[in-house]
Amino acid sequence: MLLKESLKKYWHWLGLALLSALIAVTAFLAPSRVSHLELEREALVAEDRIFTRLLEDPQIVLNALTVPGAAPQLSEIFKDAGYATRILRYELYDAKGRLVFTSGQASLELNDVVDVTQNPVQEGAVVGLYTGHTEDGPAHLALLRLPIDLNANARGTLYVYLDQSDQANVLSGYFGLIALVNLILLGIGVATPVAFAWMRSQERLQAQEQVRYLQSHDALTGLANRRAFADSLGEAIIRMKRENTHIAVICLDIDKFKEINDASDHGGGDQVLREMGSRIKATLRGRDVIARLGADEFAIALVDITNLGDVMAFMNRLVTALRLPFDVNGKEILLTTSVGIALAPADGDTAATVLRHATIALSRAKGDGGQRMCFFEESMDKALQRRRTVEHELRLALGREEFQVVYQPQFNLANEAQCGSEALIRWHHPVHGKIAPGHFISVAEETGLIVPIGEWVLRRACFDAVTWPEHLTVAVNLSPAQFRDSDIAETVADILHETGLPARRLELEITENLLINDTEEVLSKLNRLRELGVKIAMDDFGTGYSSLSYLARFPFSKIKIDRQFIRNMTRDPAMRAIVKTIIALGKSLDVTITAEGVETPEQAQMLRKFGCSQVQGFLYGHPEAAENHAKQKPASGGKITPIRGRRSTAA
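Convert by adding 889 to the 1-based position in the sequence shown; the result is the number in my numbering.
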């Protein structure tokens, strides 16, 4: 069975070997056989020419048979035929087979015995090829037997020994050359596929080796990958249990690496990652392990440690190594990192568990603002589980349409009339009931679910607002993720076209966080939105660090004063001064000012005194569902429901 499988697998090589052997045998045997035939043909030609010459001068033959001593004259015939120098010996026999005359070499050792006595007179000429045995004699010769029949008294046989050594040598060299050429061609023919097969096998081996390498290494940095790191960590944990030591797993992430990668050209980000890997590797001990888990995240396993001091000593070395500037395309940049640490066996006794806990600690470090180090705590895992639960439920909520949009009215302080509403999302969970936005918006932001959720809110708000009175606007909050992960201008344009809401009635609210990163790109998208005709408002004004500079760079339609300033302005002079200044700034820039979180008459009175344009808050109305909100229509004569009328229904 094994032989059959081998033949089936390697049949082409076996066929090539058999063909090569056949060609080789043919190359050696065919020239010998062809040479023999060529010598035989040449001997027949010589026999024919000599016999023709004998018939042309029969008197010489007659004299040789009848006159003693006349036989040597036969050499004239050989000379005339052109074979005088090649005749080794000739013998003349009478009709009874008796030797009449012999000439030339006295004896010739042949490979076959020539016996002329058995049949002295034979019909027809005969040619025989022989090989000489003496070193100084001919190597090849032909025996020509020519029957003589002149008359009844003149009959006999002439035997001529013709030297064919030179011809045989020429033929041997010629056909030897042919055999050599055939063998060379055979060698090339065999060697070529063999060479190609060998090259392909080498390429296959190299490819397999490359695949094996990539299965365990990161192609960019040459470090171990996640799979290899898990295997090495698993082996280290087994050794840890046997030797009663400890292991520290450290996950490290570069802060704001995307900005660095986007700002650098020609693979600057890759250059940083390679240099980062080299610096970390230089700080490790002999048995420690390093890997690149993906993107800008690295993992380190400090093995065989005995106390926390070993971890801190490594962190000191690491901080020292990473504090130095990185050269990116000729520019020096300083990097900061976030670090998460989990200890084994305290935080887990398997590779997967310890690595997961180190990753959780890293997430906490990044969530706290980056550029810090966090050790894993059990509460982190619980918080992560809650976050994953919320994420899962959010995905289900999108499909089950558990979200609702409610609207909080906005009023004009000058005429006490409603001028618009802000769209706010609510989640009605089938089990947990109403879930406050503060419990799920941050998760939606982190997971990117805020993009489809935000688009749904925008579409729902436009559908609802198109049924309101023409003078009412609808305000919708936009997330930074909607600017980052989608073409927000195209999305807004499509929704306006789909719902039929005029662009002038849509107000998009953004926070300063959107403008902190990628300012130029964001401003470009904001300008495209303004070109559509929608209004752009800056929400939570005053809570950031560069609000005034953004006002100078983009002409916002509205500024919304954050509720924390409104809440405290009646008892805090500093807050009061800030609110008054913002309102004055809005007037000077001809920008509408809206105060959020107005809850007391004192706050409303103070805002009216400062000249605030618009207000919203529980004093004027709680968020309502669309069907309730739509009931508030203008009174007869086109007048708008006054603020005082709204206050009675706010609760």
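Ideal placement from N, C-alpha and C gives every residue a C-beta, glycine not left out. All values derive from a computational prediction rather than experimental measurement.
Residue i and residue j look like a contact to me (Cβ under 8 Å); what is the Cβ gap, rounded to whole Å?
| i | j | result |
| --- | --- | --- |
| S1368 | E1334 | 6 Å |
| T1459 | Q1492 | 6 Å |
| V1365 | A1312 | 5 Å |
| I1314 | F1292 | 6 Å |
| L1421 | I1384 | Contact flag wrong, Cβ pair sits at about 11 Å. |
| I1230 | F1264 | 5 Å |
| L963 | I949 | 6 Å |
| L1207 | Q1503 | Contact doesn't hold; Cβ gap of about 53 Å is too wide. |
| T1126 | D1238 | A small fix is needed here, since residue 1126 is Ile in this sequence, not Thr. Right, the Cβ-Cβ distance comes to about 7 Å (below 8 Å), so this counts as a contact. |
Select from the options the residue whose C-alpha is nearest the C-alpha of residue i.
| i | options | result |
| --- | --- | --- |
| N1205 | G1183, L1173, A1235 | L1173 |
| I1136 | G1422, V1178, N1366, R1168 | V1178 |
| I1472 | Q1494, C1501, F1445, W1357 | C1501 |
| Q1299 | G1259, E1485, G1322 | E1485 |
| N1133 | E1488, P1234, P1341 | P1234 |
| L1474 | L1302, F1445, R1261 | F1445 |
| Q1494 | D1479, Y1019, I1455 | I1455 |
| D1031 | L926, A1086, A960, R987 | Correcting the residue type first, residue 1031 is Ala in the shown sequence and not Asp. Selected option, being the one with the closest Cα: L926. |
| T1336 | N952, E1280, E1305 | E1280 |
| G1175 | D1185, L1191, G1166 | L1191 |
| G1219 | L1232, Q1160, Y1019, T1225 | Q1160 |
| A1119 | L1074, L1244, D1185, R1101 | L1244 |
| E1396 | E1148, V1340, A1426 | A1426 |
| D1144 | L1232, T1225, G1158 | T1225 |
| D1185 | T1242, E1221, T1110 | T1110 |
| T1483 | N1457, D1461, L1251, F1430 | F1430 |
| E1290 | H1360, T1195, W1345 | W1345 |
| I1222 | V1468, R1284, E1148, V923 | E1148 |
| F1146 | G1157, V1138, I1139 | G1157 |
Can you tell me which of the three DSSP states residue i falls into?
| i | result |
| --- | --- |
| D1038 | strand |
| D1107 | coil |
| T1172 | coil |
| R1442 | helix |
| G1045 | strand |
| L1141 | strand |
| F990 | strand |
| G1256 | helix |
| N1301 | strand |
| Q1307 | strand |
| Y1050 | strand |
| L1496 | helix |
| E1221 | strand |
| R1181 | strand |
| H1135 | strand |
| T1400 | coil |
| C1351 | helix |
| V1003 | In this predicted model, V1003 has a pLDDT of only 47, less than 50, meaning its place in the structure is not dependable enough to derive any value. |
Answer with buried or exposed for residue i, where buried requires no fewer than 16 other C-beta atoms within 10 angstroms of its C-beta.
| i | result |
| --- | --- |
| R1277 | exposed |
| K1447 | buried |
| M1269 | buried |
| L954 | buried |
| N1402 | exposed |
| P1391 | exposed |
| Q1099 | exposed |
| V1003 | Confidence at V1003 is low in this model, with a pLDDT of 47, below 50, so its placement is unreliable and no value can be given for it. |
| P1319 | exposed |
| F1085 | exposed |
| A1254 | buried |
| M1165 | buried |
| I1073 | exposed |
| Y1102 | exposed |
| S1477 | exposed |
| M1088 | exposed |
| G1327 | exposed |
Taking C-beta to C-beta, are residue i and residue j nearer than 8 Å?
| i | j | result |
| --- | --- | --- |
| A1514 | V1295 | yes |
| L1035 | L977 | no |
| T1400 | C1351 | no |
| V989 | Y979 | no |
| T1356 | R1394 | no |
| L1033 | A932 | yes |
| N1114 | A1210 | no |
| P947 | L1039 | yes |
| D1142 | L1251 | yes |
| S1227 | G1198 | no |
| Y1439 | L1415 | no |
| A1559 | A984 | Coverage of the chain is limited to positions 890 through 1540, which leaves residue 1559 absent and any answer about it impossible. |
Using a C-beta cutoff of 8 Å, does residue i count as contacting chain B?
| i | result |
| --- | --- |
| A1108 | Here chain B cannot be found, since the structure has a single protein chain. |
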